[in-house]
Each structure stands twice: as structure tokens, then as C-alpha cells.
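Residue numbers (my numbering), protein chains in the order written: chain A, 136 to 813; chain B, 35 to 665. Here a beta-carbon is modelled for each residue, glycine too, at the ideal position from N, C-alpha and C.
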């Protein structure tokens with residue numbers, strides 16, 4: 136265990152971050168048309184001329200990689216190579232972008248209009264832009280924005296156009312293609328489309344990876360994709376998907392380029408456009424298929440105020456330095472590089488670790504608005520059963536306390552210091568008036584229906600009421616979740632102290648380690664970093680005067696109880712949620728339960744519990760939490776997938792699930808066998 | 035004839051052999067040389083070697099620099115007018131003014147004529163540790179009559195090769211561990227005696243040939259406590275016989291490349307083995323390091339040329355019993371000897387293939403619009419197996435470097451032609467002067483075939499956008515090979531340190547390795563605080579069926595650095611790591627020595643190391659050949 140002095144050097148308080156500039160300001164003062172028609176001459180990678188999409192296609196088609204796979208497929212299936220070649224061409228046509236400046240200009244114009252009506256400001260760290268510009272000229276660049284909204288990729292291209300940077304090509308899900316006209320528009324603005332699942336399709340994979348690599352290797356344009364794979368409906372960062380990251384790292388690992396620079400980009404929305412849409416989706420109200428008409432209907436969102444957006448272009452990360460001392464690149468010396476092969480275990484773990492690092496870099500530079508703190512506080516109060524709401528000045532005082540705490544934990548908090556705290560609070564509340572209600576100077580979540588009927592109600596009506604409350608709770612939770620990464624490690628420690636049977640350090644660590652392991656499908660916790668996370672949590676809590684950590688013991692200071700209570704409550708919905716899932720698995724899971732049936736079944740189970748008042752947290756209804764917990768149980772072996780005749784069923788190891796539930800509930804001490812020694 | 039009375043007639047076949055040689059060697063000098071070769075003992079220790087027409091005297095300091103490359107009379111300097119000049123009379127470039135060099139140096143390295151870093155003029159004898167002599171060994175050595183010396187200069191001369199750190203230290207007057215004694219065996223039997231005595235008295239032997247090592251192979255191991263004896267083979271420099279029926283020649287291993295070629299040429303033959311160091315490097319050194327010659331496409335590398343080797347080891351003499359051109363007799367024992375880098379014994383005699391001297395030689399050059407095209411062309415040439423005797427592709431930086439070394443043109447007409455050529459290539463053909471690169475070519479054979487061959491190669495080049503750029507450019511390219519080593523000394527006078535290193539790599543990785551290694555060097559220098567942009571350049575210098583040999587040059591201005599050599603070594607280390615990570619080999623022909631030892635295990639695997647180790651353990655259990663190379 137490293138000494139805590141190692142952490143003093145990376146005191147989160149001392150994190151240096153850039154300032155922001157509002158790019159909408161200029162849009163409001165000058166002609167959008169002129170802006171859309173401005174002279175666009177981005178600096179290029181080592182002066183390479185940009186490449187026409189037709190040329191790109193032919194480069195891909197002629198690559199050794201593809202030749203090899205075509206031959207192989209043709210041999211395996213007995214098809215003519217011409218025939219396979221045609222399929223490849225078709226895949227490529229379906230996939231390829233066809234970036235056109237005219238379309239980009241069209242978007243530049245319309246988006247200017249839309250952005251100005253939706254947002255107060257779009258703030259960008261210009262130093263980050265400068266770093267990016269340098270990186271683009273020196274190395275192939277991969278842009279990794281966080282993904283919270285459909286807006287993300289349009290916004291990214293818009294920004295790069297604004298700053299005269301090479302427009303990225305963007306990996307987009309095939310579902311966009313469903314939108315006839317818009318899909319093509321996106322394609323012409325630089326999107327390329329990939330099928331959602333093509334696991335076993337060797338040919339598709341080969342075309343896809345070669346397409347991405349060709350763009351990257353030649354430095355024609357930055358490649359942009361979402362590490363999280365999909366939009367996070369909860370505002371928590373999602374566990375990174377490795378496929379594309381593997382592909383973009385490959386040219387470096389195989390020496391085809393000197394380096395690749397990866398730029399994490401954090402896009403923080405003060406108010407997410409899809410706010411309630413996500414909540415409904417998580418509650419199982421099916422997501423409408425992307426369609427042009429759907430998008431058209433969504434135009435009512437245009438009349439509302441969505442606050443501001445902060446976009447932070449992070450420090451470019453050199454893949455070369457990530458790999459330094461981690462990967463032995465000589466392993467690629469003995470097989471021709473155009474022959475595709477599964478990455479070895481060490482490459483896989485390298486890419487995985489890098490992915491986590493990058494997601495954490497995204498998290499780190501997410502800008503938090505005061506509302507995020509308010510949402511956290513209000514949710515805790517609601518769960519604690521405060522029916523009357525909280526007085527505004529009391530809420531303000533608590534918000535100020537939390538502001539200071541979160542800053543000490545290194546949060547990138549955008550709290551307007553020129554305003555008084557009460558002004559800050561009331562302006563936040565007014566922006567989110569759909570979620571909170573202020574009544575007689577008291578603030579609470581907008582849960583109760585106006586004039587809700589009193590007296591006995593039908594079960595269906597009760598359920599409906601519960602679900603509509605849950606929409607509000609989940610929307611609020613998505614804001615609280617934005618701050619989760621700041622509090623996560625201290626909260627795990629706080630919960631561990633809470634659960635541990637003694638204040639022995641080893642005991643607390645075991646408990647911490649158990650929780651961390653349990654929640655590693657839920658939150659971004661770098662694999663294998665248990666000890667570091669523990670130390671970081673200790674460091675933060677000691678620094679803020681919450682704890683004293685000695686060689687042997689972890690002691691809570693008198694004035695630390697408030698912080699601990701807050702942190703414990705932060706994690707409590709998840710703890711309770713996982714316990715409910717355990718109970719479900721023990722009580723209701725039948726032999727024939729399939730993964731597909733799992734979500735509806737557990738949803739029913741949870742609604743029952745919520746209505747009976749046995750569970751306080753409506754947010755447990757989130758299918759995200761349910762899926763994550765199932766993944767965790769599968770990973771831990773408490774649930775097994777059994778291949779059945781026609782489908783996979785889930786087999787529950789009841790004893791193990793039971794003991795996990797008890798340990799989560801603090802009823803059982805953490806089994807030493809399952810955790811690492813400190 | 036003297037040969038009839040030769041004492042070494044004991045082998046029986048010798049008189050016959052000598053008759054053949056005498057019959058064919060036209061020049062009496064050569065006959066003398068051949069004859070005296072047989073009379074090893076008679077010659078004694080005091081023979082005046084220089085009068086034999088041989089280039090290397092026992093006291094190397096008489097003609098060579100003690101702290102730099104090559105001959106004492108030859109060097110680059112800036113004359114009173116501030117123009118670069120190459121002194122001496124030995125080379126084509128000697129005595130010429132090189133007008134563009136100064137500007138190139140200033141532009142490339144940021145050097146300044148005012149800022150000089152001159153070398154210590156002479157060796158301070160007190161800086162050299164007094165020899166630790168093994169008295170018993172010395173006593174017995176005296177009785178054998180083999181000449182030896184423990185003079186400080188003699189010992190310092192044999193304590194180093196030409197790695198940057200070695201020369202840098204000498205220039206500062208710093209001398210580390212040096213051999214305690216230098217011996218000059220005159221023939222195989224002398225070596226046998228020396229090795230026997232060394233075994234008897236537990237003395238460490240380090241064979242020394244031409245002293246051109248660039249792998250720290252000649253450095254005395256710091257931890258060696260025994261007396262170290264340098265076995266200088268330079269006096270074993272005779273051609274013992276030439277066999278025209280089989281086209282082979284038998285030589286003593288100390289003969290240096292230029293003598294070997296000159297002597298063979300006189301009888302109408304050549305080996306065709308021309309490493310860049312051939313002026314100074316020795317046959318034994320080539321064998322011990324697995325050397326490669328510029329014209330290997332026609333003649334082959336050393337392993338292709340060697341027919342028979344005799345090596346004296348602590349276990350006795352190892353050699354094959356016949357001269358069959360190929361054998362299936364288990365692993366080839368020659369391959370234990372070739373590349374053994376002096377760790378197993380002293381190579382004393384070698385039989386090599388010879389060829390009739392080529393009837394016709396023609397240089398050539400091709401300009402390509404960029405390096406990628408050039409590499410593609412070389413690959414095609416290799417695919418069609420029509421590589422000329424030599425084909426080398428220099429990158430843009432090296433092309434510019436070559437230009438900076440053009441001597442002053444004598445006539446207006448030549449300079450006009452040069453200008454016209456430049457105009458044609460850059461303006462008319464649209465080659466970017468910052469991208470174009472040049473391949474130099476050397477064709478050999480009979481006239482008709484050479485011309486035919488030339489056309490074939492130029493036709494291929496044309497497919498890759500190459501333009502023929504004349505014989506002069508080609509010839510100058512090859513001439514520069516010999517003078518470039520002198521240039522490092524000039525650089526060192528002005529705070530510039532540099533080195534070359536090489537690798538071999540499969541064709542598909544050539545471009546990647548060139549790009550990545552050059553970029554790595556630049557990045558490492560930047561990270562380590564070098565204030566000036568480093569010179570980082572490469573050339574593809576040999577082609578094979580399955581890959582190529584790539585040669586890197588790397589140099590930078592070290593003003594403002596406190597420990598330039600250490601930093602330099604770190605960058606060199608990083609560059610080698612990069613080479614290995616990009617599928618390059620640890621070495622194509624420089625060898626491993628002590629400089630690259632750290633990577634041997636990963637290069638040949640654990641078992642491979644064990645194999646080499648067990649050979650060493652059997653052949654030299656007491657580590658008499660304790661130079662510490664390779665393993």
C-alpha cells in the first residue's frame with residue numbers, strides 16, 4: 136500500500152482546468168449566413184490533402200487486410216471471390232460517410248438558429264481547442280466525446296467547424312439510417328454507419344475495422360466515436376465498449392503510425408433535451424423508433440430553455456505513452472499484420488484499462504451545475520420521507536455546504552460566484568421547474584399530482600401514479616448522477632464504514648472492496664485499482680476532516696458524521712436496489728426465467744414492493760440498475776446462464792444470492808475469501 | 035624460390051600451393067608477401083610492415099588518430115576563410131573545398147563557428163592506469179619470441195572501438211580500463227602459443243582486428259580483475275594461397291579489407307566483400323561479427339563467402355576437414371564461429387571465395403518524388419531479383435546532406451548543368467525538394483550485361499516515378515561512405531554528437547520502421563531537453579528477398595546539456611527499442627557486443643541463449659576470451 140503522500144500531489148483541489156468561451160455570443164451578434172459560408176481551411180495532419188470518400192473506399196477495397204478476409208470467406212463458404220467482393224462493396228456503401236462541405240454549411244446555419252433558441256450559451260475551453268489543433272497536425276486523432284444526447288455529434292462537428300478544425304468522421308449507430316432523409320444528411324456531414332450487432336460476421340468486421348483504420352492511419356480526418364457505445368440514459372458514464380477503441384489503437388500497436396492521440400471530450404448539458412424521454416425509457420415505456428416525423432414532433436422542445444452547454448476538450452492522450460511499459464509490441468512481429476487475429480489477453484486488458492482511464496478523464500472534466508447538487512439533496516430528502524419539503528434558505532445553506540465539499544473532492548463545479556447563493560438556487564430551480572415545486576417557501580420534488588384524489592384507488596391507478604412519480608425521480612436522479620463520480624469513492628468508503636462490523640482498517644477495506652466489486656458494473660471503477668481507490672477515498676475524507684486513518688483503524692471524527700451521512704445516502708438507492716434484485720432472484724425467479732423476461736418480471740416485483748412501502752426508492756425501477764445488477768451477479772457467479780433448447784435461461788445460485796444480499800444489507804460480515812488483502 | 039626452403043613445408047601440400055601462387059602472381063612484391071607468409075618465424079617481431087605495402091603498422095599511432103576516425107593526415111576542418119575543407123591526399127575528396135557544408139551544419143544543427151568543443155590534443159600517459167601484468171605469463175611469452183608491448187599508447191589504442199561514448203571520452207582525455215598488454219602474433223602458431231599460455235596462467239584475452247567495432251565489443255569489462263591481453267592480429271596479414279581452380283583464396287585473418295582487395299586485384303581477383311569500414315576492418319573481424327558488404331547482392335555476405343575457418347580456442351583449434359561447398363553435417367560449426375565476437379577464440383586463417391575482377395563498373399542514381407515510392411521501387415527490384423551490386427535509397431534529409439558535401443565545382447559549365455538538372459527535377463517534374471529522395475546504384479559485370487541490367491532497373495524505377503539522375507550522384511554517394519566517418523570528428527569539434535545504427539526488417543515494415551524510429555529519436559530528444567532539433571535520417575542500404583537492411587543516422591547539437599553522452603545513450607537505447615517493437619532485428623551486421631547485449635535474450639529466446647551459453651561453457655570454461663560480448 137503506497138503512502139498517502141503519493142496522493143497529496145494529486146490533490147483534486149489543485150486540478151488545473153481551462154476557462155470557457157461562449158461561442159453563441161458571436162452568433163447572436165453576427166450573420167449566421169455569413170458564418171455558414173465562411174472560408175473554411177482547417178490545418179491538416181502533416182499537410183495531407185483531404186481524401187475524397189470515393190478514394191477512401193477504393194483504398195479500403197484494395198487493402199491487404201480485406202483481400203485476405205475475402206479470400207478466406209470465399210474459401211470457407213465456397214462462394215466466388217467476386218461475389219464476396221460485391222458484398223464487401225455493398226457493406227462499404229452502406230457504411231461510408233460522404234462528407235460534403237455544403238451539407239456542413241447547411242448544418243452550420245440551421246444549428247446556429249436552433250442552438251440560439253435552445254441554449255443560453257455554449258461554452259468551450261479554447262485552450263483545449265488549441266491543443267486539439269496541434270494534435271491534429273502532429274498525429275492521427277481520435278475524438279471521444281461523452282454521450283448524453285443525440286445533440287452530441289452535431290454539436291461536436293459544429294464546434295470543429297466553428298474553430299476551423301478538420302471535421303471528424305463519426306461512428307453512428309445504424310438506427311439513424313432509419314430516418315430516411317436525415318440519415319443521408321448525417322452521412323453527408325461526416326457520419327458513417329455501423330450495425331448495432333455483427334458479432335459473428337467476419338466480413339463486416341473486416342470492412343468496418345479497415346475503413347476506420349484507413350481513415351486514421353492516413354490522417355484524413357479525426358475519427359470520432361462514443362466510448363460508452365450509446366447515450367447514457369442515466370447521466371452516469373457507461374462501462375466503455377472496447378470494439379472501436381481496439382481498432383483505433385491497433386495501427387499504433389502494429390507500428391503503422393508513430394502514435395495516435397485520443398482526446399476525451401466532456402459535454403455537459405445544464406438541462407438534457409431528452410430528460411423525461413430517458414426516464415420513460417428506463418421505466419419500460421418503449422423508446423420510439425428514430426424517425427424523421429418523430430424528430431419533427433420533437434420540435435416542441437425548441438420552445439423551452441435548456442440553459443447552457445459546457446464542452447471541455449481534454450488533454451490529448453498519447454496511445455504511445457499509455458502503452459509504454461504495458462504492451463510488448465514485438466508480439467506482432469511474427470504474423471503478417473494484415474491477417475486479422477483476436478487480441479491477446481494483455482492487449483485486451485491494456486485496451487480495457489485505457490478505456491476506463493479515458494472515461495474517467497471525461498468524467499473529470501464534466502462541468503457540474505448547482506442544480507446537480509440541489510437534485511442530490513432533494514432526492515435524499517424525498518427518500519427520507521420529508522413530506523413538507525425543505526425551506527428555501529435551509530436548502531440554500533445545505534447547497535453551499537455541498538458546494539464546498541464537492542469542490543474539495545475536485546468537482547468541476549460551475550457555481551456563479553458573482554451571484555448570491557440564494558439567487559443561484561432560485562435560478563436553478565426555475566430552470567428545472569418541471570421537476571421541483573416551490574410552495575410557501577418550501578421546495579420539494581414535483582411528485583404529487585395536482586388535486587390527486589384522496590381515498591382508496593384502483594391498483595392500476597396507484598401503479599400509474601407511482602410510475603409518473605418515478606419519471607420525476609429518475610429525471611432528478613439523472614442530474615444527481617452527474618455528480619456521482621465526484622462522490623463515488625468517498626461514498627463507497629462511507630458505506631463500507633457503515634457496513635463494517637468494526638473500525639479495523641482491514642475490515643473496512645474488505646467491506647470497501649466488496650462494495651466496489653459489487654458495483655463495478657454500475658459505476659466507472661478502473662479494474663484492479665481497488666487499493667488506489669481506497670487510498671484516494673481515505674485521503675479525501677481525511678483531508679476534509681471526516682475521518683482519521685491510522686495504521687490499523689479508521690475513525691470517524693465528531694464533525695464528520697454529516698458528511699458520512701450524506702455520502703451513505705448517496706449510495707443507498709443502489710444498495711437497496713441490488714438487495715431488491717437479490718430478493719427477487721431468490722423469491723420469484725423460476726427455472727424458465729430468461730434474460731428477456733427478467734426486466735418485466737423484476738419491474739413488477741419492485742412496483743409491488745414500492746406500493747407496499749417496503750422500498751423507498753422509486754429509482755430502483757430504472758432498468759439500467761436492474762441490468763447492471765444482473766450483470767454483476769452473472770459476473771460473480773451468483774446467476775448463471777444456462778443454454779436451453781431454444782433459449783438461454785438464468786439459473787440462480789440461491790445461497791450465494793442470499794449471502795450477497797445479507798452482506799449488502801450489512802447483516803453479514805464481508806467474506807475475506809472474496810476480497811484482496813490490503 | 036624462397037618457398038622451397040620454407041619451414042612450413044611440414045604440411046606437405048605447401049610447396050605445391052606456392053608454386054601455383056607464384057605462377058599466377060605477376061608482381062614480385064606479391065610473391066614476396068606470399069613467401070614471407072610461410073616464413074612466419076623468420077620474420078620476427080621487428081619487420082617494417084609499412085614497406086610491405088600493408089596499411090596497418092604495429093604502432094597504429096604512426097598513421098592513425100588516437101581519438102577519432104581514420105588517418106591522422108585526413109580530416110575535415112574549416113579553413114581560414116571559414117570554408118570546409120577535407121585535408122590529406124588519400125581520398126577523391128581530399129584537398130577539396132566543400133562550400134555548402136558550413137551552411138548545412140548551421141542550418142541542421144544550429145552550430146556556430148564561434149562555439150567549439152575541441153578535443154584534448156594528446157594522450158596524457160598518466161591518465162592511463164599502469165598495467166597489471168601477469169609476470170609468469172609475460173616471462174613465458176618472451177621465450178616464444180612473439181612481440182608485445184605495454185606502452186600506454188599501444189594499450190589505449192586497443193581499448194576502444196568507434197562508438198560515440200568511446201570517442202567522446204578519448205576526446206576529453208578520459209581513459210577507462212585498458213588492456214595490460216598488447217601482443218602481435220605473426221601467424222596461426224603464434225596464436226596457438228598465446229592461447230595456451232593464457233589458459234595456463236589464467237589471463238584474459240581480447241582479440242583485436244581493425245578496431246572499427248561500433249558495439250562496445252572492444253571495451254575491457256570493468257569487473258575483469260585478471261590481466262587483460264589484447265591479441266592484435268594486424269600482423270597476420272598475408273594471403274597464403276590463391277586457388278584458381280576453385281576460385282578460393284586462403285588468408286591470415288588479420289588482413290584488412292583494402293589490402294586484401296588490392297592484393298587480390300593485382301592477380302586479377304577480388305572477394306567483392308566491401309563493408310563501409312573496409313579500409314580498416316579485418317577479415318577476422320568480419321567473420322567474428324557476421325559482417326556484410328555493400329556488394330553482397332553479387333558476392334554475398336561473409337557467411338556466403340567463407341569456405342573454411344580456423345579458430346584457436348582454449349580447447350584447441352576448430353576447423354572443418356574439407357572445403358566442400360556445402361555440407362550436411364549437423365549444425366554448421368562455422369556458425370558458432372561467425373558472430374562469436376571474440377568470445378570463443380581467435381580466428382586465424384580463413385579461406386574465402388574469390389571472383390575475377392569485374393570487367394566493367396557503372397554507377398548510377400535515381401531520384402524519386404518521395405521515400406515511399408523509392409521503397410516500393412526497391413521492393414520491386416528485390417522481387418524481380420535484379421538488384422545491382424549495390425542499391426541504396428537515402429531519405430530526403432540524407433539527400434540534402436549528400437548535397438551539402440558536394441565539392442566546389444571547377445567549371446561554370448558544370449554548375450550550369452547542375453542548376454539545369456535541379457530545375458528540371460523540381461520545377462518541370464514537380465518534385466518537392468523537401469520530399470524527394472535518391473537511390474544510388476552500382477552495377478558490375480561485363481559491359482553488355484551491365485548496360486542491359488541498368489536498363490532493367492531504370493525501367494522499374496520509372497514505374498515508381500523515378501528519374502535517372504546521373505552517374506556522378508551515384509559515385510559521390512559511395513565515396514561519401516568512406517569520408518562520412520571523418521565528418522563525425524568535425525561535428526564533435528562543434529558540439530555535435532552522432533552515431534549510426536542499423537537493423538534488418540521485413541519489406542512490409544520498412545516504411546513503418548523508418549518513420550517510427552526517426553520520430554522516436556526526435557521525440558526522445560525533445561523530451562530529454564535537447565535544445566536543438568536532432569538530425570534523424572535513414573537509408574535503405576541492402577535489399578533481400580524477404581526484407582531490407584535499414585541504416586539510421588542520428589546526431590544533435592548538445593550545447594546546454596550537462597551529460598550529453600548519457601543522454602545520447604538513452605536516446606539510442608530508445609531508438610533500438612523502437613526498432614525491435616517495429617519488427618526490426620537487433621543488428622544486421624554491426625553485431626551485439628556489449629552495447630546491445632541486454633536485448634539478446636528476447637532476441638533469441640531463453641533456449642537460444644542456453645544453446646549459445648553451453649557452447650561458450652564447453653569451448654572456454656574459464657572465460658579466457660573474457661571480453662564479455664554477446665552473452
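query, result
"Run down chain D in chain order and give the residues with a C-beta less than 8 Å from the C-beta of residue 616/B.", "Protein chains A and B are contained in the structure displayed, whereas chain D is not."
"Decide if residue 328/A is buried, meaning its Cβ has at least 16 other Cβ atoms within 10 Å, or exposed.", "buried"
"Under three-state DSSP, which class holds residue 576/B?", "strand"
"Give the straight-line distance between the Cα atoms of residue 315/B and residue 362/B, rounded to the nearest whole angstrom.", "31 Å"
"Closer than 9 Å by beta-carbon distance: list the chain A residues that pair up with residue 271/B, in chain order.", "Simply none; closest approach about 41 Å."
"Which residues in the same chain as residue 403/A place their Cβ atom closer than 6 Å to its Cβ, once the five residues preceding and following it in sequence are excluded?", "445, 501, 502"
"To which residues does DSSP link residue 307/A through a beta bridge?", "328/A"
"Is there at least one Cβ from chain B nearer than 9 Å to residue 394/A's Cβ?", "yes"
"Can at least three beta-carbon pairs, one atom from the segment 326-344 of chain A and one from the segment 218-235 of chain A, be found at a separation below 8 Å?", "yes"
"Hey, how far is the Cα of residue 630/A from the Cα of residue 757/A?", "22 Å"
"From the DSSP output, which residues share a beta bridge with residue 131/B?", "119/B"
"Can you name, in chain order, every residue of its own chain whose Cβ lies under 7 Å from the Cβ of residue 566/B, other than the five neighbours on each side?", "143, 144, 590, 591"
"Using 9 Å as the threshold, is the C-beta distance between residue 665/A and residue 648/A below it?", "yes"
"Would a check of beta-carbon distances place residue 472/A closer than 9 Å to chain B?", "yes"
"Identify, in the order they occur along the chain, each residue of the same chain with its Cβ nearer than 7 Å to the Cβ of residue 527/B, setting aside the five sequence neighbours on each side.", "150, 151, 152"
"Name the DSSP bridge partner or partners of residue 533/A?", "According to DSSP, residue 533/A bridges with nothing at all."
"I believe residue 608/B touches residue 539/B by the beta-carbon criterion, under 8 Å. Please report the beta-carbon distance rounded to the nearest angstrom.", "Rounded, the Cβ-Cβ distance is 17 Å, inconsistent with contact."
"Is it true that the CB of residue 400/A sits closer than 9 Å to the CB of residue 246/A?", "no"
"If you count every other CB in all the chains shown that lies within 10 Å of the CB of residue 243/A, and 16 or more means buried, which is it?", "buried"
"Which residues in the same chain as residue 375/A place their Cβ atom closer than 6 Å to its Cβ, once the five residues preceding and following it in sequence are excluded?", "362, 490, 494"
"Pick out the complete beta strand (DSSP E) segments inside the segment 250-320 of chain A, 3 residues or longer, and give them in chain order.", "256-259, 276-280, 304-308"
"Straight-line CA distance for residue 258/A to residue 407/A?", "15 Å"
"Could you tell me which of 741/A, 726/A, 486/A, 804/A sits nearest to residue 782/A, measuring between CA atoms?", "726/A"
"Which residues of chain A have a Cβ atom closer than 7 Å to the Cβ of residue 550/B, listed in chain order?", "390, 393"
"Between residue 353/A and chain B, is any beta-carbon pair separated by less than 9 Å?", "no"
"Thinking just about the alpha-carbon of each residue, which of 373/A, 233/A, 213/A, 516/A is nearest to the one in residue 658/A?", "373/A"
"Does any residue of chain A have a CB that is nearer than 9 Å to the CB of residue 107/B?", "no"
"Per the DSSP calculation, residue 359/A is bridged to which residue(s)?", "278/A, 305/A"
"May I ask which residues mark the beginning and end of the alpha helix (DSSP H) holding residue 218/A?", "216-230"
"Please state if the CB of residue 582/A and the CB of residue 506/A are separated by a distance shorter than 9 Å.", "no"
"From this set, 650/A, 453/A, 655/A, 180/A, which residue's C-alpha is nearest residue 394/A's C-alpha?", "453/A"
"When you compare the CB of residue 55/B with every CB in chain A, is at least one pair closer than 9 Å?", "Residue confidence for residue 55/B is low, a pLDDT of 41 falling below 50, so the modelled location carries little weight; the figure read from the coordinates is stated next. Residue 55/B does not count as touching chain A."
"For a test of the three-state rule: what should DSSP assign to residue 345/A, helix, strand or coil?", "helix"
"Measure the alpha-carbon distance for residue 535/A versus residue 559/A and round it to whole angstroms.", "10 Å"
"When the Cα atoms are used, what is the spatial distance from residue 439/B to residue 127/B?", "9 Å"
"If contacts are defined as beta-carbon pairs under 8 Å, then residue 787/A and residue 720/A qualify, I think. What distance do you get, rounded to the angstrom?", "5 Å"
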